[in-house]
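Heads up, the thing below is written out as structure tokens.
There are 2 protein chains.
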Amino acid sequence: MNDLSSLLSPRSIAILGASSDFRKVNGRPLKYLLEKGYTGSIYPVNPKYSKLGALDCYPSVAALPEPVDLAIVAVPARFVAAALDDLGRNGAKAAIVFSSGFAETGPAGRALEQQVVAAARVAGLRLCGPNCLGLINAFERVIATFGQFADGDTAPGPVGFVTQSGAFGTAIAALARQRALGLGYFVNTGNEGDVTFVQVMREVLADSRIRVGAGYIEGLREGAGLIELADAALASGKPLVLAKVGRSEAGARAAASHTGALAGADAVFDGVIRQHGIVRARNEEHMLDMVEAFACCALPQGNGLAIITQSGGAGVLMADRAEELELSVPMLGETTRQALQQVIPEFGACDNPVDITGQFVAEPGLLRESVRIVLSDPQVHIGIVWLQLMDAYVDSLVMIFEELKSQVSKPFIVCWVAAPEKALRELRARGIAVLRGAEPAVDAAAALMRYAEARRNWCVDQDARIRLGEGAGGGELVFPATRGPVSTALAARLLQASGVTLAKSEHARNADAAVACAERLGYPVALKIESPDIVHKTEAKGVRLDLRDAAAVKAAFADITANAKRCQPDAAIDGVIVQAMIHGDVELVVGLKHDPVFGMVIMVGLGGIYVEVLKDVVFRKAPVTEAQAGRMLEDLKSRAILDGVRGSPAVDRVALTRLISAVSLFGVAAGERLQELDLNPVLAGGAGATAVDWLMVCN
Amino acid sequence: MNDLSSLLSPRSIAILGASSDFRKVNGRPLKYLLEKGYTGSIYPVNPKYSKLGALDCYPSVAALPEPVDLAIVAVPARFVAAALDDLGRNGAKAAIVFSSGFAETGPAGRALEQQVVAAARVAGLRLCGPNCLGLINAFERVIATFGQFADGDTAPGPVGFVTQSGAFGTAIAALARQRALGLGYFVNTGNEGDVTFVQVMREVLADSRIRVGAGYIEGLREGAGLIELADAALASGKPLVLAKVGRSEAGARAAASHTGALAGADAVFDGVIRQHGIVRARNEEHMLDMVEAFACCALPQGNGLAIITQSGGAGVLMADRAEELELSVPMLGETTRQALQQVIPEFGACDNPVDITGQFVAEPGLLRESVRIVLSDPQVHIGIVWLQLMDAYVDSLVMIFEELKSQVSKPFIVCWVAAPEKALRELRARGIAVLRGAEPAVDAAAALMRYAEARRNWCVDQDARIRLGEGAGGGELVFPATRGPVSTALAARLLQASGVTLAKSEHARNADAAVACAERLGYPVALKIESPDIVHKTEAKGVRLDLRDAAAVKAAFADITANAKRCQPDAAIDGVIVQAMIHGDVELVVGLKHDPVFGMVIMVGLGGIYVEVLKDVVFRKAPVTEAQAGRMLEDLKSRAILDGVRGSPAVDRVALTRLISAVSLFGVAAGERLQELDLNPVLAGGAGATAVDWLMVCN
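Shown next as structure tokens:
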């Protein structure tokens, strides 16, 4: 059932309800298949005709001369299930259902869709749709769509594009065509009654003719499938670029009402795909800028960006953008600068950004030599060459870039503002990425560098990930039999058994026991109320810090138990936790939760108002290696705090990443029994990282 | 000397060194003037010819038959000064110097430029350049440039474009032309030896045919001039859109080395232009998107954005962007939704974003009616209508938008992805803004709303600004005779006299006096070391907080004076400041400094690590009204903290903005004598805002 080859590369196609009116939804696929030269068998099915053009037309599915690989179904929604029954009897392998009127229309449509999906299952058919535009396999000229994209040229290329949205997907495909970015596949999965985005993309990327995957998604249910897809893409070195709408809360709400699918928290999606080397696009043009760069450029071997312009201002604008993206725009080496000084006029600039001045119009060799010199600098791994207009010089410039491409091994992107159409066409025909704005060019270069880095990390981490997988879930964790908050002491035992560093603490049921604990732990200590019913201890005035002697401990015990009773009279109070005082320079939050799409995910954030006001948190799918935990810290917007501010030392990243990795392993071992875990705060300092408070809730 | 009319609208033009070779720098202006139908007198000057085409050619400037309004000078750098001398004798009024080889090349060129500028002054000439591409006044067909932009169509339009950069400016102009955005003026000011960006833009905006100003700048010295320009633009209701490169530190460094001009801190520039209603563009396309919207759309009367699509996904993407920009995408009223339900198919969406579905292809009236209904909602002030492709329906869609434009008073922007060229052309010919990407459309709508709001605020604030101006600088401030840090007590008197609320404090030279002060102020108190040599009191262990009795005050006095002596043995110590303890929920920083471009500016930020790590600060030119101070707070990224977090109340914004405004007035009154002022922290709570520590340094 998993084979999608009949869907994507059918040797025969039946068109149910085929029409001779080529403007109609059920006429268009026939027109496209004929016009674009599909070489398999085409079987129109329609009792109204005996012939459609030169083709025999069949009165019914039952009359078809052989089992078909693929059937196109464009009959009204209420007839679809019956059509699938017929196809089952024919022995057909896959069907594309264009028809709308299903889940997208509400509860009645959803019920109808369930019937259709069940019918497909019974019939042994893979089902694309319903409510989809269909698909194009441009290599085999399978134009099984009624979408207006197929009206134009559909020459194949190295990009596989899969979209959940028909309308927006069509727009993106048309923009790709405007750039001469050939789409080997265009697939719209629609309501995904059976075949999903992830399944199709995986099959598309497995095609050796596809070098880059591009996807547009609105909601996704199969987190594990996406991760497998991402790992397969990394293994094969094929970048996967995804645009997913619903980044914001407002957008997520609109997406949920639009698709009916649970989008999952966008921050989780973002973190997990980053972990797995998927490149995220903000919008349609950003996606295609990156796809063009990936399709044309070798991956940079490092993170040094060189900018070469004939306008100082454009160079500055690109340097601005590079700094925003935290890219390195390195100083050029002395040798490089001396070589540039030989070719660049006095009023140019031999630093990075390099300004070769307008003089290159008179001396085209100046451009070629400058780019070659700059790219030969060992600090430089990718170049952007900025141009504008130059209508009169297209031929010579194209020739220069062609020469450069054949002579240099490092990648470069041409940024040509207000480019003549011919220049775009000719450069793209030569496999040279040419973007049309200064910031988009920097964004695309950043995507190349980041993807290359992610892939290097992925390769380096491989062994650690395998070891982690072997370690995960090993120990037996004994959770309490009942649901709800786990006692502090038991939670501590569970976490410590998993190697998570916690502040030393003991449980005391009366004041004297608390003093005894304090004396064992050593002063000063903290006292915290212990109660399964009091989740927010501070708000219940159930915490006292920095107690320095027995008298203070006794007084604190009386205080906080009284406070807790006053605050929550019904709370079952089980004495206090006595804890050694821990000092740290930075407060962090580390947590685990179940994401509806990805399962157990780990969250790391900077504590206090950073997490509350700035929402500066990073997610990953658990488990994470220590190296991956380190990259989570690098993704925090306020990470500068970890390097030490106001004279405090840099935090102990080794201890901190070890703690994060251990927590993630605990999460995997705990599995379904764990509802959530919140270590808040984790205090990190120059040496060590320790969780001071922990709230564990079990299912 | 300030009149630029001879430069921008000359009745006669001499071309020094005019060439019959129309490909050359000194041949091209003649070609353009002739081809494009300049109706004034043209005087080629070149001893080599007696005629150039049909025109008489003059052997020298001395031989010209009349004083010319404008002369184009394209002779080698070393001959320019002499040419200007000649022009002075002719009585010429303005000159454009194309020639390069001046300040942009280094010290020798800078000296040469100074000679040329001096020669222009002696000759009574306004000078544009040197090292510039010249200018176009498209209305009067003054094509006084050799730039390649003039090779194409230069039909006039409502946009005045002034650029410091020739190369990048040409690219932007060409992109504007691609959008059919007519440039009434294109002026490249080059090295700005005399005529500056600000002067030209002011003159251009004074032309009644210009409705929008667009500028590209790399560095600016005349802050006061820019503010006057901005205020004039606001008064006339002509939006002014500026792209300034050098946003980042790396970019600013590159800009400084490129232009040789001091860029000033970008954050200051950003804050001050925002204060004065200038719209900032990130890059070339962002600039033109906004210029197109301003040229085509009425200003929205409020901040409600409606999104109308036939793709749910595009709607979500735009909602995402709107949330990022903190725009309101309001729920539609019940009446509106009911009306939409009458026209939109069942599987569409009648909420905002509205999804009218692909059905409108069959029923074009659906689009027209939906847009009309949505725009009639009182919560909606501007609409974005999203489309894609639709090659076959361009005529009917254009007609619908034309009808809508004539029938509705609220502005709308068409976002047409992968639009057919004809659609773009036809819509633009009808004055309808049509952008090509979903996010750019939202960005442009945001610019319209924000500019409209800034202008409304500017109008409302007018009286308050005038009163503020009258109050400013009134009181006589007596600064110490010497430069350096001002004593805490004197600084307090100066600030309090200006109405700035400070924590009560007294100066004490010995421990007994400190106790007496504490008793007057009431316990608890803080003690802080007082020394002109110790700027960082905390680092010198010179601060003790929360002292609750006389013994504690005495001990603290001994402690901190000893600490200070140990820490800085040479520091002159002048006892301590005894201060009442102040509690606040939020720490802010308020400061004053001299900006090299804008003079006295006020800074507001959230204190502690917010200002240090996140650089979350906002600048304005001093003085600011209380309303303007409130908008500074709104511009803080972490402003949510002001609304109360973790159960703390919202801060007292009235007290806080009063304090900020008072500080700004102090800054203006202090003028040159004040080097800098740093109130850090200012503590704000549910009632009141009080500066707790202040460092004042005088010049």
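First to last, the protein sequences are chains Y and P.
Read in the working numbering, the first sequence has 251 at position 251, and its numbers run on one by one without any break.
Read in the working numbering, the second sequence has 831 at position 132, and its numbers run on one by one without any break.
For each residue, glycine too, the CB sits at the ideal point set by N, CA and C.
Please read these numbers as outputs of a predicted model, since none were measured by experiment.
- If you check each beta-carbon in the region 1028-1047 of chain P against every beta-carbon of chain Y, the ones closer than 7 Å belong to 1028, 1045, 1046.
- Using beta-carbon distances, residue 391/Y counts as an interface residue toward chain P, with a partner under 9 Å.
- Per DSSP, reduced to three states, the secondary structure at residue 1156/P is helical.
- Residue 174/Y and residue 1117/P do touch by the CB rule: their CB atoms are close to 4 Å apart, below 8 Å.
- At a beta-carbon threshold of 8 Å, none of the residues of chain Y lie near residue 1267/P; the nearest stands roughly 17 Å away.
- Contacts between residue 218/Y and chain P, judged by CB atoms closer than 8 Å, involve 1011, 1012, 1015 in chain order.
- Contact between residue 162/Y and residue 197/Y holds: their C-beta atoms lie close to 6 Å from each other, under 8 Å.
- Taking a C-beta cut-off of 7 Å against chain Y, the contacting residues of the region 851-877 of chain P are 864, 866, 867, 869, 870, 873, 874, 877, listed in chain order.
- Secondary structure at residue 1344/P: coil, using DSSP grouped into helix, strand and coil.
- Interface annotation for the region 753-777 of chain P against chain Y: empty, criterion Cβ-Cβ distance under 8 Å.
- In this structure residue 709/P does not touch residue 837/P by the C-beta definition: roughly 14 Å separates them, more than the 8 Å allowed.
- Taking 4 residues as the shortest admissible run, the region 824-882 of chain P contains the following complete alpha helix (DSSP H) segments, listed from N- to C-terminal end: 865-877.
- By the C-beta density criterion, residue 583/Y is exposed, having fewer than 16 other C-beta atoms within 10 angstroms.
- The Cβ of residue 804/P sits closer than 9 Å to at least one Cβ of chain Y.
- In the DSSP assignment, no residue is bridged to residue 775/P.
- With respect to the 9 Å criterion, residue 362/Y and residue 355/Y are not classified as neighbours on the basis of their beta carbons.
- By alpha-carbon distance to residue 982/P, the top candidate from 1143/P, 847/P, 1126/P is 1143/P.
- With respect to chain Y, the C-beta atom of residue 1313/P has a partner C-beta closer than 9 Å.
- For the region 568-600 of chain Y, no residue has a beta-carbon sitting nearer than 9 Å to a beta-carbon of chain P.
- Residue range 543-547 is occupied by the beta strand (DSSP E) that includes residue 544/Y, with no alpha helix (DSSP H) assigned at that position.
- Contact check for residue 1199/P and residue 1390/P: beta-carbon distance about 6 Å, within the 8 Å limit, so the pair qualifies.
- When DSSP reads this structure, residue 188/Y sits in a beta bridge with 134/Y, 163/Y.
- Taken in chain order, the complete alpha helix (DSSP H) segments of 4 or more residues contained in the region 1073-1149 of chain P are 1093-1106, 1120-1128.
- Beta-bridge partners assigned by DSSP to residue 356/Y: none are found.
- Annotation: residue 236/Y has no Cβ neighbours in chain P at a cutoff of 9 Å; minimum Cβ distance is about 28 Å.
- According to the DSSP secondary-structure assignment, residue 1008/P is paired through a beta bridge with 1054/P.
- Spatial neighbours of residue 588/Y in its own chain (CB-CB distance under 7 Å, excluding positions within 5 residues in sequence) are listed in chain order as 604, 605, 606, 607, 681, 682, 684.
- Residues of the region 1126-1145 of chain P that bring their beta carbon within less than 9 Å of a beta carbon in chain Y comprise 1135, 1136, 1137, 1138, 1139, in sequence order.
- Between the region 226-241 of chain Y and the region 270-281 of chain Y, the count of C-beta pairs closer than 8 Å reaches three or more; the two stretches touch.
- Around the Cβ of residue 48/Y, a 10 Å sphere holds fewer than 16 other Cβ atoms; the residue is exposed.
- In the DSSP annotation of this structure, residue 47/Y is not part of any beta strand (DSSP E), being labelled neither H nor E.
- Around the beta-carbon of residue 536/Y, fewer than 16 other beta-carbon atoms lie within 10 Å, marking it exposed.
- When the alpha-carbon of residue 216/Y is set against those of 429/Y, 288/Y, 16/Y, 274/Y, the nearest one is in 288/Y.
- The beta carbons of residue 670/Y and residue 677/Y sit closer together than 9 Å.
- The beta carbon of residue 453/Y is closer than 8 Å to those of 303 in its chain, skipping five residues each way along the sequence.
- Collapsing the DSSP output to three states places residue 303/Y in coil.
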